[in-house]
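Only one structure is covered here, and it is reproduced in the block below.
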Amino acid sequence: MFFLLELAVLFIRTELETAEDIDSLISAEIPDPAVDPELFEIIKSCMIHGPCGILNPNSPCIKDGKCTKKFPKEFNPHTVAIFNGYPRYRRVDNGRIVNIKGNQVDNRWVVPYNPWLSKKYQAHINVEACMTIKSVKYLYKYIYKGHDCANVVINEQVNHDEINTFLNCRYVSAPEALWRIFEYSLSDMSHNIIRLQVHLPDNQMIYFVEGEEQAALDRAAQRDTHLTAWFKLNVENEQARHYPYVEIPYHFVFDSKHCKWKVRQRGSNKVIDRMYKVSPIGEIFYLRMLLLHVRGAVSFEDLPTVNGTVFNTFREACSQLGLLQDDAEWRNTLTEAAATRLPNQIRQLFSIILTFCEPDDPLNLWNAFKDFMMEDYIHHSMPPIIAKQAALRQIESIINQNGKTLADVNLPTLDEFLDYVPQNEEEDVQVLINEANRVRPLLNDNQRQIADAILSALSEQPNNENKQPRLFFMDGPAGCGKTFTYNYLIAETSSRHIITATAAWTGIAATLLKKGCTLHGLFKLPVPILENSTCNVTPNSIHGKFLRQVSLYLLDEASMIPKHALNAIDKLLQDVCNNKFPFGGKVILMGGDFRQILPVVKRGQPADIVEACIKCSQHWQYVQRFSLTENMRVQAEEEEFSQWLLKLGSGTLPLKADGSFRGCIEIPEQCLLGENESLVDKIFGVAEEDDYAKRAILTPNNVDSLAINEEVLDRLPGD
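Structure follows, in structure tokens:
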């Protein structure tokens, strides 16, 4: 058994502002063995991650098939400083490799390090650039999070008392035990931190032993708190009246034995004071606000006195002093919280302010502090648009408990489409690369031709010289691999950091696509869709920015899309992208089968339905068409029926030439029920109850659907 010591250190260096500053201290590359062989050996033995992933799927850092540390990183010719996260360190593809556990690894696997520290200690020392003061909050939380604990339940009998048999065990490793045995210091403080008490009259905190409550009350009545002692100090010391409550510790020292403030003799430059934070609900919050500004108060009654007038509440006094105008105090409250609190706590505080404090301009406060509220989501590599959505979602869940919505407080509303996007993970690039590499050899020639055409179009930007079609249609009957092709393109483009949006005209079809949604959800199509309809998305909205970032749109069941919907999508993308090319210059792959269901036209005749198809749209002339003809799902015994369906959809089956069925097709005998047979019996008769959900009868009319449902439900047991 061995143990690893872990040390977290924060070095303060104000000059670390540019990529050159970072490169002067931190490297993420394998050293040149010819220039510094000693450093080369240290980095090789101590600073190479894993390897993991496909090189070692059983590595401890692998979770759900992905490296939790996001290795291997990408090659990067230059360091890029990122304000709200870790920099992307320089990792040049210079061909330098080392052999680790039988695997060849390059600069993508190097953990960032400082050459001087690595050579001095010859150990694993990860050095990162802290680009913002926000990181200090996480470091503080990490150091003081406490020890790892194991919860152990000892069962001596089957029916046991959980409370009596529950044992909270703390495991202490050998290095920590040694440290504590020698009584080494666990922490050190350079400054004296004074936390000033805040309480309403006779509402101070009292600690007592059970059964001795009255004695504790009597003692508290004889002792002053920081606050009440300040009142007395202002009566006795004229100099103290020049300072507000929060500045007193710089000039006076609190004598805890006698519970009074005394003049400070030394050490004023080693003091940091803080007032206890309070929830922005009720009078105590406004009391705290007054303590930040009022000087020389001698009692609680003196605090709410303004120009000789004693106000009934602290809030009224704050208002009279102008402390509640223009949301200045809420801005100060959030500024203070942003310096010390975690994003989740800031979101909760902001929600309380929205619910109980009625700020004048909530949107302005949101815009000023949203980066702090989104910080944890951004830290986990969530795209800013999704991070914003996630933060707003939590805020709305809190204010909803008090009957308010985001619209009520003039905050951006949630985008329903973005609910389809995972909130807490970024797909590992290597996993996507592996998936694309696995699927590509399985594509048939027609599928590969479509994929190559799409990827080629994505590699070029539209311009006046390059007017190649960027609209594509993939035609194919059911089972020919349209969905398989879509999902390959999703994996391939995502591995290349190309943003792809997937949608289908129906919700059921959308569930077959990775991150799929309906076209109404993706493009905010109106209902009904008319010739001059437009989508309800503005260029500067959250959703407008998302649509602008998307490079490839995959639209399934396109045979059902009305041409007016396609026109509305074209106008929308041109608007949000500020680009007059068709569909804003985006690459769009549509797929479907015109042999199946066409657009629904209310009380429409066949000619009306055909006229509503996208084939009759002005855009169809620009569409590059591909066909999938090889059915990947049909079994050998079903080949004949599959061919019959294709002929039916293509209109090539022979028609009856005379009689009452003139102009009709003939249904194969095996598809017909006998006179005494029931369709419900045929489909559900021998099925177990658990299999009912796997069977369905399709009918075009609601009246038939209701009758069939009633008959099927009557077969189920129960009331």
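The opening residue of the sequence shown carries number 69 in the working numbering; numbering runs sequentially from there.
Beta carbons are placed, not taken as given, at the ideal position from N, Cα and C, and that holds for glycine.
Bear in mind the structure is a predicted one, so any value in this text is a computation, not a measurement.
Distance check for residue j and residue i, CA to CA, integer angstroms please.
| i | j | result |
| --- | --- | --- |
| Arg383 | Ala297 | 23 Å |
| Leu598 | His632 | 6 Å |
| Arg516 | Ile111 | 43 Å |
| Gly133 | Ala504 | 15 Å |
| Ala775 | Asp782 | 11 Å |
| Ile567 | Lys654 | 11 Å |
| Val160 | Gln413 | 40 Å |
| Arg569 | Leu371 | Per the sequence shown, residue 569 should be read as Ala rather than Arg. Going by the C-alpha atoms only, they are around 59 Å apart. |
| Asp487 | Asp513 | Note that Asp487 scores a pLDDT of 49, beneath 50, so its modelled location is shaky; the value from the coordinates is reported in the next line. Their backbone Cα atoms lie some 36 Å apart in a straight line. |
| Ile421 | Thr481 | 18 Å |
| Asn468 | Leu641 | 34 Å |
| Ala375 | Trp398 | The displayed chain sequence assigns Asn, not Ala, to residue 375. For Asn375 and Trp398, the distance between alpha carbons rounds to 24 Å. |
| Leu741 | Asn770 | 22 Å |
| Thr473 | Phe662 | 43 Å |
| Asp483 | Arg409 | 27 Å |
| Trp434 | Ile446 | 16 Å |
| Asp292 | Ile352 | 18 Å |
Classify residue i: buried if its beta carbon has 16 or more other beta carbons within 10 angstroms, exposed otherwise.
| i | result |
| --- | --- |
| Gln172 | exposed |
| Asn492 | Low per-residue confidence applies at Asn492: pLDDT is 36, beneath 50, and the placement is therefore not dependable, though the value from the model is reported in the following sentence. Exposed, by the Cβ-count rule. |
| Glu494 | Residue confidence is low: Glu494 scores 43 on pLDDT, short of 50, so the model does not pin down where it sits. No coordinate-derived value is stated. |
| Asn175 | buried |
| Lys750 | exposed |
| Cys386 | buried |
| Cys548 | buried |
| Ala197 | buried |
| Leu510 | exposed |
| Val103 | exposed |
| Leu591 | As written in the sequence, residue 591 is Phe, which differs from the Leu given in the question. Buried, by the Cβ-count rule. |
| Ser627 | buried |
Hey, would you say residue i sits closer than 8 Å to residue j, going by beta carbons?
| i | j | result |
| --- | --- | --- |
| Ala572 | Glu625 | yes |
| Asp543 | Ser718 | no |
| Phe540 | Gln686 | no |
| Cys120 | His192 | no |
| Phe437 | Ala406 | yes |
| Met450 | Arg415 | no |
| Pro155 | Ser95 | no |
| Ile501 | Ser419 | no |
| Lys187 | Glu97 | no |
| Phe649 | Pro530 | yes |
| Val669 | Ile682 | no |
| Ala519 | Arg538 | no |
| Val266 | Val346 | yes |
| Ile735 | Leu723 | no |
| Val166 | Ile116 | yes |
| Leu580 | Leu622 | no |
Just to check, is the beta-carbon of residue i closer than 7 Å to a non-hydrogen atom of the ligand HEM?
| i | result |
| --- | --- |
| Tyr313 | The ligand HEM is not part of this structure, which contains no ligands at all. |
The alpha helix (DSSP H) that contains residue i, what's its start and end?
| i | result |
| --- | --- |
| Met357 | Glu351 to Leu359 |
| Ala406 | Ala396 to Thr408 |
| Asn260 | Here Asn260 belongs to no alpha helix (DSSP H); instead the beta strand (DSSP E) covers Asn260 to Leu264. |
| Met441 | Pro430 to Met441 |
| Phe424 | Looking at the DSSP string, Phe424 is not in any alpha helix (DSSP H), and its letter there is neither H nor E. |
| Leu93 | Ala87 to Leu93 |
| Ser387 | Phe382 to Gln388 |
| Thr551 | Lys550 to Ser563 |
Could one say the Cβ of residue i lies closer than 8 Å to chain D's Cβ atoms, at least one of them?
| i | result |
| --- | --- |
| Leu721 | Within the model displayed, chain D is absent; a lone protein chain is all it includes. |
In the DSSP assignment, the beta strand (DSSP E) including residue i goes from what residue to what residue?
| i | result |
| --- | --- |
| Trp329 | Lys328 to Val331 |
| Arg342 | Val339 to Met343 |
| Leu622 | Leu620 to Asp624 |
| Asp543 | Leu539 to Asp543 |
| Val321 | Phe320 to Asp323 |
| Gly660 | Val655 to Gly660 |
Review point. Are at least three pairs of beta-carbons, each pair with one atom in the stretch 306-321 and one in the stretch 274-290, less than 8 Å apart?
Key: Counting C-beta pairs with one atom in each stretch, the stretch 306-321 and the stretch 274-290 have fewer than three that are closer than 8 Å, which means they do not touch.
Check your understanding: Just checking, does the stretch 300-307 make contact with the stretch 267-278 on the three C-beta pairs under 8 Å criterion?
Key -> They do not touch, by the three-pair rule.
Exercise for review: Mind the definition here: the stretch 540-554 touches the stretch 596-605 only if three or more C-beta pairs lie below 8 Å; say whether that holds.
Suggested key: The stretch 540-554, when compared against the stretch 596-605, does not touch it at the 8 Å Cβ threshold.
Exercise for review: Examine the Cβ distances between the stretch 325-337 and the stretch 246-257 and report whether three or more of them are shorter than 8 Å.
Suggested key: The answer is no - the stretch 246-257 does not touch the stretch 325-337, with fewer than three Cβ pairs under 8 Å.
Review point. If we count Cβ pairs, one from each stretch, closer than 8 Å, do we get three or more for the stretch 393-412 versus the stretch 316-325?
Key: Using a Cβ-Cβ distance cut-off of 8 Å, the stretch 393-412 and the stretch 316-325 are not in contact, since fewer than three pairs of beta carbons, one from each stretch, lie closer than that value.
**Study point:** Segment contact, 8 Å Cβ cut-off, at least three pairs: the stretch 579-591 with the stretch 633-644
**Key:** Verdict: yes, contact present.
Exercise for review: Kindly confirm or deny that the stretch 353-364 and the stretch 374-391 touch, where touching means at least three C-beta pairs closer than 8 Å.
Suggested key: The stretch 353-364 is in contact with the stretch 374-391.
Review point. Taking three-plus beta-carbon pairs below 8 Å as touching, is the stretch 425-433 in contact with the stretch 456-473?
Key: No: fewer than three Cβ pairs fall under 8 Å.
Check your understanding: Does the pairing of the stretch 181-195 with the stretch 138-145 give three or more beta-carbon distances under 8 Å?
Key -> Contact between the stretch 181-195 and the stretch 138-145 is absent, with fewer than three C-beta pairs closer than 8 Å.
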